[in-house]
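Q:
There are 2 protein chains.
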Amino acid sequence: MNPRGPRPNPSTEVVDGIIERASRYLLDAPMGSDPVIAHASPSELATAFAATVGLGFADDAAAHSVSEVLASVDQIIDYSVHTSHPRFVNQNFAAADPVAVVGDWLGAALNTTAATFEAAPVFTLMESAVLHKLGRMVGYVEDGVSATDTPVGVPVLPPGIFCAGGSMGTLLALQLARHRLQPEMTVRGASGDRLVLFVSDTGHYAASKSAALLGIGTEGVVKVATDHEGAMLPDALDVAITEGIARGQTPFAVIGTAGTTVTAAFDDLDAVADICESRGLWLHVDAAYGGSALFSPTHAARLRGVHRSDSCVWNLHKMVGMTQQCTALLVKAPAQLEECFATHADYLFQSDKLYADYDSGDRTFQCARRIDVLKLWLAWKVGGDAGFAARIDHAVAMADYTRNRIAESDVAFVPIVAGTFTNVVFVWVPPHLRPLAAPEAVDLDVLTELNRCAPLIKARLQAAGTGLIGFQPVHGVNSFRMICMSPKLQPSDVDALLEAIETAGNDVAATQ
Amino acid sequence: MNPRGPRPNPSTEVVDGIIERASRYLLDAPMGSDPVIAHASPSELATAFAATVGLGFADDAAAHSVSEVLASVDQIIDYSVHTSHPRFVNQNFAAADPVAVVGDWLGAALNTTAATFEAAPVFTLMESAVLHKLGRMVGYVEDGVSATDTPVGVPVLPPGIFCAGGSMGTLLALQLARHRLQPEMTVRGASGDRLVLFVSDTGHYAASKSAALLGIGTEGVVKVATDHEGAMLPDALDVAITEGIARGQTPFAVIGTAGTTVTAAFDDLDAVADICESRGLWLHVDAAYGGSALFSPTHAARLRGVHRSDSCVWNLHKMVGMTQQCTALLVKAPAQLEECFATHADYLFQSDKLYADYDSGDRTFQCARRIDVLKLWLAWKVGGDAGFAARIDHAVAMADYTRNRIAESDVAFVPIVAGTFTNVVFVWVPPHLRPLAAPEAVDLDVLTELNRCAPLIKARLQAAGTGLIGFQPVHGVNSFRMICMSPKLQPSDVDALLEAIETAGNDVAATQ
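Just so you know, the protein sequences line up as chains A and B, in that order.
1235 is the number of the first residue of the first sequence in the working numbering; add one for each residue after it.
1235 is the number of the first residue of the second sequence in the working numbering; add one for each residue after it.
The following block contains the structure:
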């Protein structure tokens, strides 16, 4: 008998078994020629799990034995996509920093919510400290105000809030923008004005999803034309605003994008800010992907002008390798958060409790919030600014290597955009179609064949486990998007991926 | 040299050190007379961390040594609130199931997003299976449709989606409700109609926060009167709807609450559903807290009528002990999710890739979503339905024990509501004020003294680390709210908490 009382949970064997498996996976994750995924169809997965605990739950779901559950844990690992594998180039996250992973573990073990100081004293201060540093990096915090000027070394009112993902950050930012224009709106409801916001036609769909949710409607989102690389054309923005006003709409915000989803293009934020200033519009920067370039002395200039924005969303779970999710919404005027979002719930934000002025929960929409800051704080303390900078520089170096390989491929691979950051967008050309005309001159039959190739090639790579790479239409062609973002990605991985695409492509071409 | 390539991260010592500390904390968490918290002020915390790595980040933040970082990890643990301690009765979550904690760890190690089958094959199917089971528990899924009737044992289109917390679930549900009334709204924007929704005056503030964000405005939220225990008065709802229409407003939704934040009251959902049916209104049930009563054969009837609702939000990170966060939004007509939220982003939801029909990401607002289902799936497989049921039954038994202790206290403690579920709401009465008149008959001087007592008593418990318990105004009196929810809570803990309140109260009374 434990003198401190009986241990209430009898599942220690399961817990130990999962810790052991998760730790082993983390410290010795698949690499090199290990498969990126053991691909299985939904029905194959269902069959596999039926041999252990089953995927589903009966109406009277029974408990399973330790050995059955641990066998299912092995299956979970075996059948999952190994996002830390260097040949996972499918998405705008990859290869989480192991320090971040175990920082997340520590947060789960301490399991609390970031809403109040009393329930999260350490994490409230950490969040404030990290937001203050991120805000200074963006340029929101005056140079004279350093973190150490405040009595406890971190500000009571930080320039932002952590939230559950980039889309939510954009949603909250657009609400702030609307609130500045219509301060009575949160109480009285939206006026009859037809509000309109502007984002590039390569910008993230969070703009449209937010407009729908805010009651503005997707027709209130004007997609501004972009250059060939995917960056907003500032002149087109200015024209679009004029046209919106002429249609009787009320412009209220512009979203500038720092790192688009497909080509990782950066809008010219200084030029966009000029227009926003002259028009009196809120500038929100979607730096979900590209914000992390600010860590790199080499690449920070891609965000030149970001300090002139009113808000900025930055996903640290993308380029700097935090686990899902770690999103900072940064705002230039932090007091706006409480003005726009607070409801002063008296069961949670009691003004008569200790240090209530540090409570962050009423400065956002969410009530309970997971402690997303801890992993970032730890990884940052371990590696310093330089640790994150190295991640960015390595990523762009690998993308440059890939671009060079494509240029040298002698018509086998054709870039669809030039690209200068982490994303390489290209097609593989079947031998009988080489050399391919310029994409805009490709005739319809050829285009149809190219468009069929990409999914079939991808599926073969998935089936073989040799790599996971995304595709989507760019300039009308189903193009591969290789996101060179993993710190583990090496030239040998790039070579292997291109070779795998070539091999699968030849196979596809031969069977068409 | 590792034949599979160099290990890119040199921080193995830090990673190992954090794993060791997090595991030790999880498996041997503070209990009994261990402090619930080592209370420190913001400046004391800043001073403590200054001795290791510092809370903040300089403009050129340096990397820290392994020993410095691990010393800070020890501080993080030491200064955090021990939410798994049985005497943490402060909030509507407590004592996460260790299986859930390590399930969360495994999810972080596998780090992917739940948006697509290709990036999350196992988790997509798990989410579908769990939502199907939860939907059957709520009564949304016809009895004839069992999980095993579908080809892979789980449905392609599950009755809901996981989302980042209860507030977000309510936000999405209200958007669904508005969309049913105004299907053109997501495209064209809200019409000029003054929409109005109804929720009890004890319901969660997510209703108001959502109304503000949706552009409806907080004036579009009518707070319906409740009985003494905190449950909505159905007659008052009916009157409120009539009054809203008379004011020219357009009712569109009612939120029924299953387990209010303060008194854990359950609205009579059958009576509320009668009104919603006769009025043609969307019924959303906020079962964030009380939904888990459905696990218990003894307590499931508290939600009688929930199957008649259109949507329901259920936080599994509350009563059944998942880590933050694990929220299911359940909907009766799942096709509405895609109709309301989809934008068909072609870089992510390509229809020409494998098994794209399983992709869940376009059925919600968020883009990337953390894998919140894995921990729930694992804990459920380990304990079965009975495991969760035991958690609920123990909680109510401990609340009943507390209520009995208060009844026996002979005027030292006075209940403010009767309560029948997990929350015990009471005041401690200073000796010179005993016996206290009925709360509604208390005169202002006495009330003022009672209202000053609660925060001072709480602060003393915090300072001593003997317990963490919330307070808030209930029927005009600053009342303690003891949430008896931890599976670790035992009669000896309740006794110790009441004794600590009494001791602190006498101390407060003596120094006033």
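Every residue gets a Cβ at the ideal spot worked out from N, C-alpha and C, and that includes glycine.
Just so we're clear, the structure is a prediction, and the values are computed from it rather than from any experiment.
Can you give me the C-alpha to C-alpha distance between residue 1732 of chain B and residue 1718 of chain B, rounded to a whole angstrom?
A: Roughly 13 Å separates the two Cα atoms.
Q: Locate the beta strand (DSSP E) running through residue 1707 of chain B, then write down its first and last residues.
A: Start and end: 1702-1708.
Q: Going by C-alpha to C-alpha distance, which of A:1311, A:1737, A:1503, A:1729 sits closest to residue 1642 of chain A?
A: Out of A:1311, A:1737, A:1503, A:1729, A:1729 has the C-alpha closest to the C-alpha of residue 1642 of chain A.
Q: Should residue 1317 of chain B be labelled buried (16 or more other beta-carbon atoms within 10 Å of its own) or exposed?
A: Buried.
Q: What does the alpha-carbon distance come out to for the pair residue 1291 of chain A and residue 1367 of chain B?
A: Cα to Cα, the separation comes out at about 6 Å.
Q: So residue 1506 of chain A and residue 1524 of chain A are supposed to be a Cβ contact under 8 Å. How far apart are they, rounded?
A: With 8 Å as the limit, residue 1506 of chain A and residue 1524 of chain A do not qualify as a contact, their Cβ atoms being about 14 Å apart.
Q: Of all the residues that make up the segment 1441-1459 of chain A, which are near chain B by a beta-carbon distance shorter than 9 Å?
A: Residues passing the 9 Å Cβ filter: 1442, 1443, 1444, 1445, 1446, 1447, 1448, 1449, 1450, 1451, 1452, 1453, 1454.
Q: Going by the beta-carbon positions, is the gap between residue 1468 of chain B and residue 1515 of chain B smaller than 8 Å?
A: Their beta carbons are not under 8 Å apart, which means residue 1468 of chain B does not touch residue 1515 of chain B by this criterion.
Q: Return the Cβ separation of residue 1576 of chain A and residue 1584 of chain A in integer angstroms, given the expectation that the two are a contact with Cβ distance under 8 Å.
A: About 14 Å; that fails the 8 Å criterion.
Q: With a threshold of 8 Å on Cβ separation, who are the neighbours of residue 1667 of chain A within its own chain once the five nearest residues in sequence on each side are excluded?
A: So the qualifying residues of the chain are 1680, 1683, 1684.
Q: In whole angstroms, give me the CA-to-CA distance for residue 1407 of chain A and residue 1691 of chain B.
A: C-alpha separation (whole angstroms): 39 Å.
Q: So which of A:1325, A:1304, A:1395 has the shortest CA-CA distance to residue 1349 of chain A?
A: It is A:1395.
Q: Given a threshold of 16 other Cβ atoms within 10 Å of its Cβ, counted over all protein chains shown, does residue 1522 of chain A qualify as buried or as exposed?
A: The residue is buried, with at least 16 neighbouring Cβ atoms inside 10 Å.
Q: Which of the three DSSP states, helix, strand or coil, is assigned to residue 1371 of chain A?
A: Reduced to three states, the DSSP call for residue 1371 of chain A is helix.
Q: Compute the minimum distance between the beta carbon of residue 1468 of chain B and the heavy atoms of the ligand MG, and state whether it is under 7 Å.
A: Within the structure as shown, the ligand MG is missing, as the structure has no ligands at all.
Q: In chain order, what residues of the same chain have a beta carbon less than 7 Å from the beta carbon of residue 1340 of chain B, not counting five sequence neighbours either side?
A: Cβ neighbours of residue 1340 of chain B beyond the five flanking positions: 1608.
Q: Considering only their Cβ atoms, is the gap separating residue 1697 of chain B from residue 1334 of chain B smaller than 8 Å?
A: Going by C-beta atoms, residue 1334 of chain B is not nearer than 8 Å to residue 1697 of chain B.
Q: In terms of alpha-carbon separation, which member of B:1363, B:1411, B:1374 lies closest to residue 1388 of chain B?
A: Taking only the C-alpha atoms, the option nearest residue 1388 of chain B is B:1363.
Q: Determine contact between the segment 1413-1424 of chain B and the segment 1554-1563 of chain B, defined as no fewer than three beta-carbon pairs at a distance below 8 Å.
A: At 8 Å Cβ cutoff, the stretches do not touch.
Q: Consider the Cβ of residue 1476 of chain B: report whether some Cβ of chain A lies at a distance smaller than 8 Å.
A: No, residue 1476 of chain B lies away from the interface with chain A (no Cβ there is under 8 Å from its Cβ).
Q: So what does DSSP say about residue 1329 of chain B, is it helix, strand or coil?
A: Three-state result, residue 1329 of chain B: coil.
Q: Mind checking whether residue 1601 of chain A and residue 1704 of chain B have CB atoms under 8 Å apart?
A: Their beta carbons are not under 8 Å apart, which means residue 1601 of chain A does not touch residue 1704 of chain B by this criterion.
Q: Quick one: list the residues of chain B neighbouring residue 1518 of chain A, beta-carbon separation under 9 Å, in chain order.
A: Simply none; closest approach about 16 Å.
Q: Can you list the alpha helix (DSSP H) stretches of 4 or more residues lying completely in the segment 1417-1471 of chain A, in chain order?
A: Taking only runs of at least 4 residues, the alpha helix (DSSP H) segments lying wholly in the segment 1417-1471 of chain A are 1419-1422, 1440-1448.
Q: For chain B, check one thing: does any of its Cβ atoms lie closer than 8 Å to the Cβ of residue 1305 of chain A?
A: No, residue 1305 of chain A does not count as interfacial toward chain B.
Q: Which chain A residues are close to residue 1619 of chain B, counting only those with a beta carbon under 7 Å from its beta carbon?
A: Neighbours of residue 1619 of chain B on chain A, chain order: 1294, 1295.
Q: Confirm, please, whether the CB-CB distance from residue 1492 of chain A to residue 1520 of chain A is below 8 Å.
A: Result yes, Cβ atoms of residue 1520 of chain A and residue 1492 of chain A sit closer than 8 Å.
Q: I want to verify the contact list: residues of chain A whose CB lies under 7 Å from the CB of residue 1275 of chain B, in sequence order.
A: Within chain A, the residues near residue 1275 of chain B are 1589.
Q: Counting contacts by CB-CB distance shorter than 8 Å, is residue 1610 of chain A in contact with chain B?
A: No, residue 1610 of chain A lies away from the interface with chain B (no Cβ there is under 8 Å from its Cβ).
Q: Whole angstroms are fine: how far does the CA of residue 1549 of chain A sit from the CA of residue 1689 of chain B?
A: Roughly 38 Å separates the two Cα atoms.
Q: Put residue 1649 of chain A into one of helix, strand or coil per three-state DSSP.
A: The answer is strand: DSSP assigns residue 1649 of chain A an E or B state.
Q: Quick one: measure Cβ to Cβ for residue 1725 of chain B and residue 1635 of chain B, integer angstroms, because I've assumed they're closer than 8 Å.
A: Their Cβ separation, rounded to whole angstroms, is 6 Å, which keeps residue 1725 of chain B and residue 1635 of chain B in contact under 8 Å.
Q: Following the continuous alpha helix (DSSP H) through residue 1485 of chain A, name the residue where it begins and the one where it ends.
A: Here residue 1485 of chain A belongs to no alpha helix (DSSP H); instead the beta strand (DSSP E) covers 1484-1491.
Q: Return the chain-ordered list of same chain residues with a C-beta closer than 6 Å to the C-beta of residue 1351 of chain B, the five sequence neighbours on each side being excluded.
A: Cβ within range, chain order: 1358, 1589, 1592, 1593.
Q: Could you tell me which chain B residues have their CB closer than 7 Å to the CB of residue 1692 of chain A, listed as they occur along the chain?
A: Those within 7 Å of residue 1692 of chain A in chain B are 1587.
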